[in-house]
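Data first, discussion second: the structure below is written as structure tokens.
Number of protein chains: 4
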Amino acid sequence: MAAERLVADDDFEDRVRASFERQPAMTTIGAELTRVTPGMVEIEMAFSDRLTQQHGFLHAGVISTAMDSACGYAAYTLMPDNAAVLTIEFKVNLLAPGKGERFLFRGAVTKPGRTIIVADGQAYAFGADGEAKLIATMTGTMMTVIGRDGILG
Amino acid sequence: MAAERLVADDDFEDRVRASFERQPAMTTIGAELTRVTPGMVEIEMAFSDRLTQQHGFLHAGVISTAMDSACGYAAYTLMPDNAAVLTIEFKVNLLAPGKGERFLFRGAVTKPGRTIIVADGQAYAFGADGEAKLIATMTGTMMTVIGRDGILG
Amino acid sequence: MAAERLVADDDFEDRVRASFERQPAMTTIGAELTRVTPGMVEIEMAFSDRLTQQHGFLHAGVISTAMDSACGYAAYTLMPDNAAVLTIEFKVNLLAPGKGERFLFRGAVTKPGRTIIVADGQAYAFGADGEAKLIATMTGTMMTVIGRDGILG
Amino acid sequence: MAAERLVADDDFEDRVRASFERQPAMTTIGAELTRVTPGMVEIEMAFSDRLTQQHGFLHAGVISTAMDSACGYAAYTLMPDNAAVLTIEFKVNLLAPGKGERFLFRGAVTKPGRTIIVADGQAYAFGADGEAKLIATMTGTMMTVIGRDGILG
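Listed in order, the protein sequences are those of chains A, B, C and D.
Residue numbers for the first sequence follow this note's numbering, beginning at 1 and rising by one.
Residue numbers for the second sequence follow this note's numbering, beginning at 154 and rising by one.
Residue numbers for the third sequence follow this note's numbering, beginning at 307 and rising by one.
Residue numbers for the fourth sequence follow this note's numbering, beginning at 460 and rising by one.
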């Protein structure tokens with residue numbers, strides 16, 4: 001995808017970073033926005049005991065939270081500056097336990113569109129050896145919303 | 154579904170409650186396990202600013218976290234006492250913004266099975282008027298795991 | 307859902323039936339439109355060897371084809387008369403083998419909306435004893451399209 | 460993925476082709492099995508009026524039928540010779556109308572596994588100019604079944 005040409009607003013990175021700062025859920029799970037390019041966003045976080053399920057692995061919902069933000073912001077990079085992004089739906093496949101020292105979540109636009117944008121995401125776990133392991137994938141459908149209730153970002 | 158007859162272990166409620174206690178992610182999002190019946194589980198939580206996205210609504214991932222636990226434990230009520238439950242995949246549709254004072258997440262088994270269990274979930278928001286609003290639905294595929302690495306619950 | 311009040315056009319049944327007639331895929335799989343009510347549609351078909359997979363059961367894709375039409379037309383019952391319905395995405399869970407003499411596919415609107423409509427579907431198989439068995443479920447996201455390329459229905 | 464090493468049976472291509480031949484649904488939609496490699500399968504078909512929806516495009520369910528077979532057989536290439544493949548669930552995103560002269564459906568294993576295999580699929584349309592257009596994506600969860608009711612393939 002020639003994503004560069006799809007960017008509707010050159011300040012996409014500033015907009016994404018400002019919106020991410022306004023997501024308290026990202027602070028709560030200790031997630032950082034590490035990469036913002038046209039149509040692709042990466043979020044990283046450290047493992048934390050506070051975010052685990054009963055077997056001591058990262059909870060599937062926490063993995064989904066970070067991937068949803070990554071996919072949503074990937075879509076948002078391509079939107080005009082007066083738009084807001086909403087998640088309509090997503091599907092997650094959990095491929096391996098969420099164990100590791102650090103995690104990287106990537107969202108990338110598969111199909112841009114004026115109203116509907118489809119993005120795919122991957123979640124990777126990094127162990128002590130630094131090797132990346134694919135632990136989950138997501139497909140999400142995002143919607144561009146303009147002029148609704150002053151909702152922005 | 155005649156779920157009563159499907160229960161493989163009469164102590165299902167104790168097992169579910171013990172496992173829920175071992176999910177730190179539930180404490181982190183302030184979720185409580187309020188109902189455990191054969192094939193159905195309910196989880197409730199209060200709204201918290203710490204769990205919101207950029208528009209001030211509950212993050213879709215937090216909604217998914219609670220629904221995944223509800224669906225997973227609904228499946229777990231039907232499993233034998235030496236089993237553990239794993240989420241293979243789920244899909245979430247976000248139907249309305251996650252705004253409200255309290256939230257209820259229900260998971261119920263649609264299709265029991267020895268290895269694969271399919272559960273459906275609903276998320277409801279309650280405003281100041283106390284009326285329930287359906288804000289999200291989930292379909293999840295859960296797996297019964299027995300004898301893997303001492304994983305239980 | 308008070309679907310009655312949601313109907314935007316009283317001729318919804320005629321519109322749905324006319325559109326169904328223009329779906330050759332329904333003829334190819336031998337499907338009939340048996341029920342059209344506000345927000346809910348049923349489609350029925352007989353088992354046919356031509357539509358099976360390698361184990362002699364109805365192919366998962368054929369089940370999906372009929373459920374997608376049922377969910378799409380359920381959404382379409384609530385749309386204005388100048389609209390067309392498009393499927394954005396759907397998820398199917400196959401719960402039991404597609405074996406039986408006849409099949410019924412029901413689609414019903416879970417969340418109406420101006421642009422996005424979410425519908426849920428069920429597929430039932432009927433054996434010689436006439437008992438219904440749930441063999442699959444669907445959640446689909448449908449879109450109302452108005453004024454695109456003369457697309458209608 | 461080092462899929463070569465994952466092959467449990469060197470006759471995987473023969474097994475896949477034999478099973479495909481036993482899928483009458485593939486004949487009904489005019490689909491051919493054009494490529495079978497370890498962990499990846501391609502299916503092709505010509506456009507046919509018989510398989511369209513109300514706007515004259517390939518029905519989303521027909522696209523799903525071919526992608527489900529591609530994903531299922533991709534999983535099947537990695538299974539032992541006494542196994543059968545079952546689809547547990549799949550999700551499809553429709554990205555563009557199903558219009559074209561020919562279609563190619565690719566399924567590839569994202570996550571191999573002893574019991575559960577996750578595969579991702581793409582559907583491409585080819586117009587008169589021969590250029591490929593991505594029209595749909597799938598994520599499917601497949602299951603290895605051994606020794607059930609003489610089910611094979």
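Yeah, the Cβ is synthetic: ideal placement off N, Cα and C, and Gly gets one too.
Since the model is a prediction, treat every value here as computed from it, not as a measurement.
Closest by CA to residue i, which one among the options?
i	options	result
glutamate 548/D	Ala578/D, Asp470/D and Val475/D	Ala578/D
arginine 22/A	Tyr73/A, Met143/A and Glu44/A	Tyr73/A
alanine 567/D	Asn552/D, Ala529/D, Asn541/D and Gly586/D	Ala529/D
alanine 402/C	Ile369/C, Glu319/C and Thr450/C	Ile369/C
threonine 180/B	Thr218/B, Thr205/B and Glu166/B	Thr218/B
tyrosine 277/B	Ile196/B, Pro191/B, Ala161/B and Gln207/B	Ile196/B
threonine 115/A	Thr139/A, Met143/A, Thr34/A and Leu94/A	Met143/A
lysine 111/A	Asn552/D, Phe585/D, Val466/D and Asp508/D	Asn552/D
aspartate 49/A	Lys91/A, Ile29/A and Gly140/A	Ile29/A
phenylalanine 585/D	Arg607/D, Gln512/D, Leu517/D and Pro539/D	Leu517/D
phenylalanine 353/C	Gly419/C, Leu410/C and Ala381/C	Leu410/C
valine 381/C	Gly419/C, Arg311/C and Asn388/C	In the sequence as displayed, the identity of residue 381/C is alanine instead of valine. With distances taken between Cα atoms, alanine 381/C lies closest to Gly419/C.
isoleucine 457/C	Gln512/D, Arg464/D and Leu465/D	Gln512/D
leucine 465/D	Ala587/D, Ile576/D and Asp588/D	Ile576/D
Residue i by DSSP, collapsed to three states: which one?
i	result
glutamate 560/D	coil
alanine 587/D	coil
isoleucine 270/B	strand
methionine 154/B	A caution first: methionine 154/B carries a pLDDT of 47, below 50, which makes its placement in the model too unreliable to give a value.
valine 313/C	coil
methionine 385/C	coil
arginine 259/B	strand
isoleucine 182/B	coil
phenylalanine 326/C	helix
arginine 607/D	coil
glycine 520/D	helix
leucine 553/D	strand
glycine 72/A	helix
lysine 592/D	strand
methionine 444/C	strand
Do residue i and residue j have their CB atoms nearer than 8 Å?
i	j	result
valine 451/C	alanine 390/C	yes
glycine 612/D	arginine 474/D	yes
aspartate 68/A	glycine 214/B	yes
threonine 546/D	proline 497/D	no
proline 386/C	alanine 314/C	yes
threonine 598/D	threonine 141/A	no
methionine 193/B	arginine 301/B	no
Assuming residue i and residue j make a contact with CB atoms under 8 Å, what is their CB distance in whole Å?
i	j	result
methionine 45/A	alanine 25/A	Not really, about 12 Å apart at Cβ, beyond 8 Å.
phenylalanine 20/A	leucine 33/A	5 Å
Quick one: does residue i have its CB under 8 Å from some CB of chain E?
i	result
isoleucine 502/D	You won't find chain E in this structure, because its protein chains are A, B, C and D.
Next item on the list: Please confirm if the stretch 249–258 of chain B is in contact with the stretch 272–286 of chain B, defined as three or more CB-CB distances below 8 Å between the two stretches.
Entry: yes
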